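Novice:
Protein chains: 2
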Amino acid sequence: MEEKINLKFDINGLIPAVVQDNSTGAVLMVAWMNREAYDLTRRSHQAHFWSRSRREIWHKGATSGNTMTVISMWVDCDADTVLLKVNPAGPACHTGQTSCFFREINLINP
Amino acid sequence: MEEKINLKFDINGLIPAVVQDNSTGAVLMVAWMNREAYDLTRRSHQAHFWSRSRREIWHKGATSGNTMTVISMWVDCDADTVLLKVNPAGPACHTGQTSCFFREINLINP
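Sequence order for the protein chains is A and B. In terms of the numbering used here, the first sequence opens at residue 29 and continues consecutively. In terms of the numbering used here, the second sequence opens at residue 29 and continues consecutively.
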């Protein structure tokens, strides 16, 4: 049995959600959940987020078809971030890239 | 050559940073960077964050010894989250767990 987890939503009622490909381990995206998106995700096993720009619940892939089936969900030690391990139906990124993290930042060499 | 990346720091001057083990692919933690922590990380190749509780720059592992050597840094499509791929010198979590995401959240079965 899991312990009772009291998620710490921020002052806007949101918590960041890291999404990782359950098979490849790739970090696909980071989005935000409110309580409703969190509950919808747990119940439907489909990734739901809160769109901060559109100010609405966002069922990831509902329009693009690139849904994400949630295999497992995790919370960090201070309960202010969640991790979703998913099987994505297609690219995570609206650009068509597999992951939203496709641009590398150069490290500065000493 | 990388394109010029204009990171989008939030209203508090912070950007979330996902930390992933470069070897195992495990998501280790999520922390926050301000511009100074970001610059320090790029220059030193050691993970630096902004501690929101202590309100100071946090060189991860400076006291515990569990530093993180940054192998590569990535930014997402909308430039409001960064991803660090690191070689950790020890457990990421203050609890001694390898990853801060060691508690699973039960999915609800229909």
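All residues carry an ideal CB built from backbone N, CA and C; glycine is no exception. Source: prediction; values computed, not measured.
From this set, A:D38, A:V55 and A:G41, which residue's C-alpha is nearest S127 (chain A)'s C-alpha?
Specialist: Nearest option by C-alpha distance: A:V55.
Novice: Looking only at its chain, what residues have a beta carbon closer than 8 angstroms to the beta carbon of Q48 (chain A), apart from the 5 residues adjacent to it on each side?
Specialist: Counting only Cβ-Cβ distances below 8 angstroms, and skipping sequence neighbours, we find A54, V55, L56, L111, L112, K113 and V114.
Novice: Below 7 angstroms on C-beta distance, what does T123 (chain A) contact in chain B?
Specialist: Per Cβ cutoff of 7 angstroms: C105.
Novice: Mind checking whether N50 (chain B) and I99 (chain B) have CB atoms under 7 angstroms apart?
Specialist: Cβ distance < 7 angstroms, so N50 (chain B) and I99 (chain B) count as in contact.
Novice: In whole angstroms, what is the alpha-carbon distance linking D104 (chain A) and E84 (chain A)?
Specialist: Their Cα atoms are separated by approximately 25 angstroms.
Novice: What does the alpha-carbon distance come out to for the pair M29 (chain B) and G124 (chain A)?
Specialist: Low confidence applies to M29 (chain B): its pLDDT is 45, below 50, so where it sits in the model is not reliable, and the reading given next is rough at best. Computed Cα separation, rounded: 22 angstroms.
Novice: Which class does T97 (chain A) belong to by DSSP, given the choice of helix, strand or coil?
Specialist: Looking at T97 (chain A) - three-state DSSP - the assignment turns out to be strand.
Novice: Alpha carbon to alpha carbon, how far is W86 (chain A) from D106 (chain A)? Give it in angstroms, no decimals.
Specialist: So the two alpha carbons sit approximately 26 angstroms from each other.
Novice: If we count the other Cβ atoms within 10 Å of its Cβ and call it buried at 16 or more, is I3 (chain A) buried or exposed?
Specialist: Because chain A in this structure spans residues 29 to 138, residue 3 (chain A) falls outside the shown range and cannot be described.
Novice: Along the alpha helix (DSSP H) that carries I65 (chain A), what are the first and last residues, could you check?
Specialist: For clarity, residue 65 (chain A) is Ala in the given sequence; the question names Ile instead. R63 to S72 is the span of the alpha helix (DSSP H), which, as asked, contains A65 (chain A).
Novice: How would you list, in chain order, the residues of chain A whose beta-carbon sits under 7 angstroms from the beta-carbon of P116 (chain B)?
Specialist: By Cβ distance, chain A contributes nothing, its closest Cβ being about 15 angstroms from P116 (chain B), past 7 angstroms.
Novice: Just to confirm, is the Cβ distance from H76 (chain B) to A90 (chain B) under 7 angstroms?
Specialist: No; because the gap between Cβ atoms is not below 7 angstroms, this pair is not in contact.
Novice: Does M61 (chain A) come within less than 7 angstroms of chain B when only Cβ atoms are used?
Specialist: Answer no: the Cβ-Cβ gap between M61 (chain A) and chain B never drops below 7 angstroms.
Novice: For I136 (chain A), would you say it is in contact with chain B, using Cβ-to-Cβ distances shorter than 7 angstroms as the test?
Specialist: Chain B contact via Cβ: present.
Novice: Given a cut-off of 7 angstroms on the beta-carbon distance, is the pair M96 (chain B) and I133 (chain A) in contact?
Specialist: Cβ distance not < 7 angstroms, so M96 (chain B) and I133 (chain A) don't count as in contact.
Novice: H73 (chain B) and L68 (chain A) - do their beta-carbons sit closer together than 7 angstroms?
Specialist: Not closer than 7 angstroms, so no.
Novice: How would you call T52 (chain A), buried or exposed, if buried means at least 16 neighbouring beta carbons within 10 angstroms?
Specialist: Exposed, by the Cβ-count rule.
Novice: Could you tell me if P44 (chain B) is buried or exposed, where buried requires 16 or more neighbouring beta carbons within 10 angstroms of its beta carbon?
Specialist: Label assigned to P44 (chain B): buried.
Novice: From the beta carbon of R131 (chain A), is the nearest beta carbon of chain B less than 7 angstroms away?
Specialist: Chain B, which has a Cβ nearer than 7 angstroms to the Cβ of R131 (chain A), makes this yes.
Novice: Of all the options B:G118, B:P116, B:F130 and B:R80, which has the alpha carbon lying nearest to the alpha carbon of D38 (chain A)?
Specialist: Looking at the Cα atoms, B:R80 is the closest of the given residues.
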